[in-house]
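One structure is given here, and the rest of the page talks about it.
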Amino acid sequence: MQTTARRTAALVNALVDEVPSADTVTGVLREHGEDGPIELSAGDLAELRSAALRLREVFAAESTDRAAETLNRLLRSTAGTLRLTSHHGAAPWHPHLDSADDAPWGEWFLASSCLSLLVLLWNHQRPPGGVCASPACRNVYLTLGSGPPRRYCSRRCATRERVAAYRRARG
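Shown next as structure tokens:
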């Protein structure tokens with residue numbers, strides 16, 4: 002599930018600000034383990050972006066209850082019921098919530114992402130991620146480990162904000 006959650010965060014980050022090229026989205030999908038033919042039409046990209054905008058609400062939730070409410074709302078909008086698939090023996094058995102193995106890209110992305118984020122919330126009893134606190138960044142991130150809550154998507158953003166705060170304090 003963490004692999005799917007990582008793919009979710011990467012696709013949300015790639016799709017939220019604008020509709021990227023099919024090559025960009027295909028690259029993100031390949032980086033996160035999708036193999037086989039990936040053919041994305043303009044309509045597919047629009048559906049993926051719509052799903053990404055909806056999923057971003059889970060990352061932006063300020064509490065576990067709000068994240069759970071958002072996930073429940075998104076789950077109600079998915080087309081399928083929980084099922085197992087091996088994609089006709091091409092992959093190990095794994096769960097899917099979309100309507101079929103050949104479901105549209107947007108439906109697949111929303112359903113599989115909701116399932117992975119649901120498991121993270123269930124396992125850790127906290128929101129599965131967040132939105133970077135840096136005003137210069139809009140990326141989402143996952144909270145997979147224990148420890149103090151994260152505020153930034155990366156060390157780079159955290160360092161940039163610490164340096165900016167230090168410079169403001171020094172006047």
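The sequence shown begins at 2 in this note's numbering and counts up one residue at a time.
We put the CB at the ideal spot given by N, CA and C, even for glycine.
DSSP bridge partner residues for residue i (one or two, in chain order)
i: Tyr167; result: Per DSSP, none; premise fails for Tyr167.
i: Tyr142; result: Gly131
i: His95; result: Thr86
Closest Cα partner of residue i within the set the options
i: Ala92; options: Asp36, Ser100, Arg152 and Arg151; result: Asp36
i: Glu48; options: Thr9, Leu116 and Val20; result: Val20
i: Arg127; options: Ile39, Ala165 and Leu72; result: Leu72
i: Asp99; options: Leu118, Ser78 and His89; result: Ser78
i: Thr9; options: Asn140, Ser147 and Gly172; result: Asn140
i: Gly146; options: Pro129, Leu119, Leu116 and Ser135; result: Pro129
i: Ser135; options: Asn124, Thr144, Arg151 and Pro105; result: Arg151
i: Asp18; options: Gln3, Gly34, Thr27 and Leu46; result: Leu46
Simplified DSSP assignment, three categories, for residue i
i: Arg55; result: helix
i: Arg156; result: helix
i: Thr5; result: helix
i: Glu19; result: coil
i: His125; result: helix
i: Thr79; result: coil
i: Leu41; result: coil
i: Glu108; result: helix
Residue i and residue j closer than 7 Å at C-beta
i: Trp94; j: Leu83; result: no
i: Leu30; j: Ala53; result: no
i: Leu12; j: Ala23; result: no
i: Leu75; j: Arg55; result: yes
i: Tyr167; j: Ala159; result: no
i: Leu121; j: Ala6; result: yes
i: Val164; j: Phe60; result: no
i: His88; j: Asp66; result: no
Delimiting residues of the alpha helix (DSSP H) encompassing residue i
i: Arg151; result: No alpha helix (DSSP H) contains Arg151, which DSSP labels as neither H nor E.
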